[in-house]
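Here's the structure, in structure tokens; my notes come after.
Protein chains: 2
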Amino acid sequence: MKKDWNTIDFLRHVRHDWLNKVQLIKGNLALNKEERVKEIIDEIIAEAQQEARLSNLEIPKFATLLLTCNWGNYCFQLEYEVLNDEKCQYIEDAVLTKWTTMFFNILNKSAKSFSENHLSVSIAPESNGIRLFFDFSGIIIDRALIDDFLHTKSPENIKIQIRTLVEAEIALEVFVENESASD
Amino acid sequence: MKKDWNTIDFLRHVRHDWLNKVQLIKGNLALNKEERVKEIIDEIIAEAQQEARLSNLEIPKFATLLLTCNWGNYCFQLEYEVLNDEKCQYIEDAVLTKWTTMFFNILNKSAKSFSENHLSVSIAPESNGIRLFFDFSGIIIDRALIDDFLHTKSPENIKIQIRTLVEAEIALEVFVENESASD
Chain A
6 MKKDWNTIDF
16 LRHVRHDWLN
26 KVQLIKGNLA
36 LNKEERVKEI
46 IDEIIAEAQQ
56 EARLSNLEIP
66 KFATLLLTCN
76 WGNYCFQLEY
86 EVLNDEKCQY
96 IEDAVLTKWT
106 TMFFNILNKS
116 AKSFSENHLS
126 VSIAPESNGI
136 RLFFDFSGII
146 IDRALIDDFL
156 HTKSPENIKI
166 QIRTLVEAEI
176 ALEVFVENES
186 ASD
Chain B
6 MKKDWNTIDF
16 LRHVRHDWLN
26 KVQLIKGNLA
36 LNKEERVKEI
46 IDEIIAEAQQ
56 EARLSNLEIP
66 KFATLLLTCN
76 WGNYCFQLEY
86 EVLNDEKCQY
96 IEDAVLTKWT
106 TMFFNILNKS
116 AKSFSENHLS
126 VSIAPESNGI
136 RLFFDFSGII
146 IDRALIDDFL
156 HTKSPENIKI
166 QIRTLVEAEI
176 ALEVFVENES
186 ASD
């Protein structure tokens with residue numbers, strides 16, 4: 006009898022997110038801020054378009070991780086952007102998702118809880134792989150943990166370039182090669 | 006690699022539903038119909054409250070069936086209302102859901118495709134079971150199929166009362182007894 010809770014919980018999160026947006030519209034409308042309402046609506050539509058783009062990349066595990074990330078207990082808020090519509094059907098979705106999940110967990114352990122932590126991910130599918138730009142801003146209290154993870158724990162077909170790794174900012178460029186390309 | 010499509014497809018449906026609502030707000034705002042926008046927002050919030058109520062009844066399979074019903078290929082549009090907040094933890098969720106799914110399928114076969122068919126379900130949880138009121142309006146082309154289903158295929162703890170069964174309307178009252186009560 007306890008089955009299907011996942012679906013229900015899932016819908017609860019989605020409903021919560023969307024209701025927040027509608028309440029934002031309602032609030033601004035009550036204040037007669039019509040221009041702001043129009044901006045909010047355009048932002049909502051743009052966000053939904055990004056969600057659709059991410060969903061269409063054909064890396065469902067990775068897409069699901071990103072789409073549900075802000076419902077978890079991470080101490081950072083995730084934003085993402087898909088930079089083009091190239092499909093990622095040769096990407097090892099499981100490998101990409103496993104690495105990203107590990108990175109999120111490490112980041113979660115390293116960042117200061119209850120502070121303003123933001124992680125932005127830009128996703129650039131390419132013909133021979135996928136390029137990800139991770140930009141964290143907030144407070145890192147255990148830099149060594151991240152440093153260790155980034156230097157030692159990545160599979161062969163994941164190339165990481167650390168652009169910045171300081172207390173208030175991390176910038177990474179991560180390239181994941183296609184399955185066929187790494188044979 | 007094809008796993009997790011369910012989640013992605015699921016989110017696609019939800020996003021589509023919510024975007025329709027936001028577009029409705031946007032459209033009416035563009036026409037300066039502020040009062041209509043406020044009404045739409047109130048309707049959206051009321052609908053979300055019903056969704057939350059249904060989700061909280063503790064009959065997740067049945068709730069999932071109703072929440073996702075309009076994404077399927079049924080030839081009718083479903084609306085539902087939960088009349089009170091009593092929990093249904095003694096209801097056999099699987100039995101209730103199986104019967105309702107069969108009823109929906111029979112209704113789908115019996116009603117005229119591409120016509121304006123509506124099914125409204127009122128849900129009244131009671132201390133010893135759950136009472137459901139099904140009201141269909143539209144065009145039924147195979148009444149005998151429904152009649153046969155309603156008279157022969159229900160499990161013991163499901164009691165059906167046919168209020169109306171004509172070409173343009175069906176009204177049923179269905180009571181599903183609690184597990185313990187039917188022992």
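Here the protein sequences come in this chain order: A and B.
For the first sequence, the working numbering assigns the number 6 to the initial residue and increments by one for each residue that follows.
For the second sequence, the working numbering assigns the number 6 to the initial residue and increments by one for each residue that follows.
The beta carbon of each residue, even a glycine, is placed where N, CA and C say it ideally should be.
Bear in mind that the values here come from a model prediction, so they are computed numbers and not experimental data.
At a threshold of 6 Å, does I46 of chain B count as lining the ligand SAH (C-beta to nearest heavy atom)?
The ligand SAH is not part of this structure, which contains no ligands at all.
Using a threshold of 7 Å, state whether the C-beta atoms of E174 of chain A and S142 of chain A are closer than that.
Within the first sequence, numbered from 1, the residue matching residue 174 of chain A stands at position 169. Within the first sequence, numbered from 1, the residue matching residue 142 of chain A stands at position 137. Their beta carbons are under 7 Å apart, which means E174 of chain A touches S142 of chain A by this criterion.
Please specify which runs of the alpha helix (DSSP H), each continuous and at least 4 residues long, are wholly inside the stretch 82-155 of chain B, giving them in chain order.
98-115
Under 7 Å (Cβ pairs) to chain A, residues found in the stretch 162-182 of chain B:
none
Given F108 of chain B as reference, the closest of B:L29, B:S159 and B:N11 once Cα atoms are compared
Working through the second sequence from its first residue, we reach residue 108 of chain B at position 103. When each option's Cα is compared against that of F108 of chain B, the closest is B:S159.
Would a check of beta-carbon distances place V87 of chain A closer than 7 Å to chain B?
As a working mapping, residue 87 of chain A is identified with position 82 in the first sequence. By this cut-off, V87 of chain A is not an interface position.
Residues of chain A with CB under 9 Å from A51 of chain B, in chain order?
What you label residue 51 of chain B is simply residue 46 of the second sequence in a count that begins at 1. Going along chain A, no residue has its Cβ under 9 Å from A51 of chain B, so there is no contact; the nearest lies around 11 Å.
Helix, strand or coil at A173 of chain A [DSSP, three-state]
Locating residue 173 of chain A in the first sequence gives position 168, where the first residue counts as 1. Correct three-state label for A173 of chain A: coil.
Would you say P160 of chain B faces chain A, with C-beta separation under 7 Å as the test?
As a first step, residue 160 of chain B is located in the second sequence; it is residue number 155 there, counting from the start. For P160 of chain B, the answer is no, since every Cβ of chain A falls outside 7 Å of its Cβ.
Identified DSSP bridge partners for K164 of chain A
As a first step, residue 164 of chain A must be located in the first sequence, where it is residue number 159. Beta-bridge pairing links K164 of chain A to A:F180.
Closer than 7 Å, Cβ to any Cβ of chain A: which residues of the stretch 143-154 of chain B, in chain order?
none
What first and last residue would you give for the alpha helix (DSSP H) that runs through S60 of chain A?
Counted from its first residue, the first sequence places residue 60 of chain A at position 55. Looking at the DSSP string, the run of the alpha helix (DSSP H) that includes S60 of chain A is E39 to S60.
By Cβ distance, which residues of its chain are closer than 8 Å to R58 of chain A, with the 5 residues on each side in sequence left out?
If you number the first sequence from 1, residue 58 of chain A lands on position 53. These residues qualify, in order along the chain: V87 and D90.
Check whether the Cβ of V19 of chain A lies closer than 7 Å to any Cβ atom in chain B.
The residue labelled residue 19 of chain A in the question sits at position 14 within the first sequence. Yes, contact with chain B.
Is it true that the CB of I13 of chain B sits closer than 7 Å to the CB of A53 of chain A?
One-based indexing of the first sequence puts residue 53 of chain A at position 48. One-based indexing of the second sequence puts residue 13 of chain B at position 8. Result no, Cβ atoms of A53 of chain A and I13 of chain B do not sit closer than 7 Å.
Counting only beta-carbon separations shorter than 7 Å, does S132 of chain B have a partner in chain A?
What you label residue 132 of chain B is simply residue 127 of the second sequence in a count that begins at 1. Not closer than 7 Å to any Cβ of chain A, the Cβ of S132 of chain B fails to qualify, so no.
Can you look up G77 of chain B in the DSSP assignment and give me helix, strand or coil?
Here residue 77 of chain B refers to the residue found at position 72 when the second sequence is read from its first residue. It is coil, neither helix nor strand.
Is any beta-carbon of chain A found at less than 7 Å from that of V100 of chain B?
Taking the second sequence and counting its residues from 1, the one referred to as residue 100 of chain B is at position 95. With 7 Å as the cut-off, V100 of chain B does not count as an interface residue toward chain A.
Selection from B:D140, B:R20, B:E172 and B:D98 that minimises the alpha carbon distance to W76 of chain B:
Within the second sequence, the letter at position 71 stands for residue 76 of chain B. Comparing Cα positions, the closest option is B:R20.
Where N113 of chain B and T105 of chain B are concerned, what is the direct C-alpha to C-alpha distance, given to the nearest angstrom?
The residue given as residue 113 of chain B occupies position 108 in the second sequence. The residue given as residue 105 of chain B occupies position 100 in the second sequence. Straight-line Cα distance between these residues: approximately 12 Å.
Sequence-distant residues of the same chain with beta carbon closer than 6 Å to Q166 of chain A, five excluded per side
Stepping through the first sequence from its first residue, residue 166 of chain A is reached at position 161. Same-chain partners within the cutoff: E178.
Cβ-based burial, S60 of chain B [other Cβ within 10 Å; buried from 16]
By 1-based counting over the second sequence, the position of residue 60 of chain B is 55. By the 10 Å Cβ count, S60 of chain B comes out buried.
Cα-Cα, which of A:K38, A:E48 and A:Q94 is closest to E131 of chain A?
The residue labelled residue 131 of chain A in the question sits at position 126 within the first sequence. When only C-alpha atoms are compared, the closest one is A:Q94.
In this structure, how does DSSP classify I13 of chain A when only helix, strand and coil are distinguished?
For the purposes of this step, residue 13 of chain A is taken as the residue at position 8 of the first sequence. Note: I13 of chain A maps to helix in three-state DSSP.
Within 10 Å of its beta-carbon, does G32 of chain A have 16 or more other beta-carbons around it, so buried, or fewer, so exposed?
On the first sequence, residue 32 of chain A is found 27 positions in, with the first residue counted as 1. The residue in question, G32 of chain A, is exposed, as its Cβ has fewer than 16 Cβ neighbours within 10 Å.
When DSSP labels each residue in this structure, what does K8 of chain A get in the three-state scheme?
For the purposes of this step, residue 8 of chain A is taken as the residue at position 3 of the first sequence. Confidence at K8 of chain A is low in this model, with a pLDDT of 39, below 50, so its placement is unreliable and the value that follows should be read with caution. Reduced to three states, the DSSP call for K8 of chain A is coil.
Give me the Cα-Cα distance between R155 of chain B and A129 of chain B, rounded to the nearest whole angstrom.
For this step, residue 155 of chain B is matched to residue 150 along the second sequence. For this step, residue 129 of chain B is matched to residue 124 along the second sequence. Per the sequence presented here, residue 155 of chain B reads as Leu, with Arg not at that position. Going by the C-alpha atoms only, they are around 20 Å apart.
If we call anything under 7 Å between Cβ atoms a contact, is I49 of chain B one with V27 of chain A?
In the second sequence, counting from the first residue as 1, residue 49 of chain B sits at position 44. In the first sequence, counting from the first residue as 1, residue 27 of chain A sits at position 22. Contact flag set, yes.
So, with DSSP's three-state summary, where would you put I30 of chain A?
Indexing the first sequence from 1 puts residue 30 of chain A at position 25. Three-state DSSP puts I30 of chain A in a helix.
Closest by C-alpha distance to F138 of chain B, when choosing among B:Y85, B:T73, B:T102 and B:F119:
In the second sequence, counting from the first residue as 1, residue 138 of chain B sits at position 133. Closest option to F138 of chain B, Cα to Cα, is B:Y85.
Buried or exposed, going by whether 16 or more other CB atoms sit within 10 Å of the CB of K8 of chain A?
Residue numbering aside, residue 8 of chain A sits at position 3 when the first sequence is read from its first letter. Residue placement at K8 of chain A is flagged as unreliable, the pLDDT there being 39, under the threshold of 50; a coordinate-derived value is accordingly withheld.
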